[in-house]
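Q: Residue numbers (mature numbering (1 follows the signal peptide of the UniProt record, and there is no 0)): -18 to -1, 1 to 98. By construction, the Cβ of each residue, glycine as well, lies at the ideal position given by its N, Cα and C atoms.
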């Protein structure tokens, strides 16, 4: 009986830790960013796919709120940091995991930073 109770407690503790863990980098997608902007009342009409390859990104989206908002996706956060350190154009742009934001809109930056 004691072993059964111990086993149940162990399963409970493991379940709690698994449920409370933060999302993995791979679980965050461009769609999650789009939903975050929509929840804040920003209409997201994707204007075009940016020329992401110019800054070595694997994908990206561009839409217009009050100002241009472009989000670029990289394979990993490590790759993004490396490229950002080498490319003067993007060194000051905000990052969130493996995503990079190009905008001059303060509200857009705040939303981007809070996506996880």
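For residue 48, which of helix, strand or coil comes out of DSSP?
A: Translated into the one-based positions of the chain shown, residue 48 becomes position 66. Residue 48: coil per DSSP, three-state reduction.
Q: Short of 6 Å in beta carbon distance, which residues of its chain neighbour residue 51, apart from the five on each side in sequence? Order them along the chain.
A: In the chain shown, counting from the first residue as 1, residue 51 sits at position 69. Excluding sequence neighbours, residue 51 sits near 45, 85 and 90.
Q: How would you call residue 36, buried or exposed, if buried means at least 16 neighbouring beta carbons within 10 angstroms?
A: Stepping through the chain shown from its first residue, residue 36 is reached at position 54. Exposed, since its Cβ has fewer than 16 Cβ neighbours within 10 Å.
Q: Using C-beta distances below 7 Å, list every residue in its chain close to residue 27, excluding the 5 sequence neighbours before and after it, in chain order.
A: Here the question's residue 27 lines up with position 45 in the chain shown. Taken in chain order, the residues that qualify are 45.
Q: Would you decide whether residue 55 is buried or exposed? Buried here means 16 or more other CB atoms lie within 10 Å of its CB.
A: Counted from its first residue, the chain shown places residue 55 at position 73. Under this definition residue 55 is a buried residue.
Q: Might you give, ordered along the chain, the residues of its own chain that have their beta carbon closer than 8 Å to the beta carbon of residue 109, omitting 5 neighbours on each side?
A: It is not possible to answer for residue 109, since the shown part of the chain is limited to -18 through 98.
Q: Going straight from the alpha carbon of residue 81 to that of residue 23, what length do you get?
A: Locating residue 81 in the chain shown gives position 99, counting from the first residue. Locating residue 23 in the chain shown gives position 41, counting from the first residue. Looking at the two C-alpha atoms, the distance is approximately 21 Å.
Q: How many Å lie between residue 49 and residue 29 at the Cα?
A: Position 67 of the chain shown holds residue 49. Position 47 of the chain shown holds residue 29. Cα to Cα, the separation comes out at about 12 Å.
Q: By Cβ distance, which residues of its chain are closer than 7 Å to residue 5, with the 5 residues on each side in sequence left out?
A: Against the chain shown, residue 5 aligns to sequence position 23. The predicted model places residue 5 with a pLDDT of 46, which falls under 50 and marks its position as unreliable, so this point remains unresolved.
Q: How would you write the range of the alpha helix (DSSP H) that residue 93 sits in, first residue to last?
A: Here residue 93 refers to the residue found at position 111 of the chain shown. Start and end: 88 to 96.
Q: Using beta-carbon positions only, say whether residue 59 and residue 42 come within less than 8 Å of one another.
A: Translated into positions along the chain shown, residue 59 becomes position 77. Translated into positions along the chain shown, residue 42 becomes position 60. Cβ atoms of residue 59 and residue 42: not closer than 8 Å.
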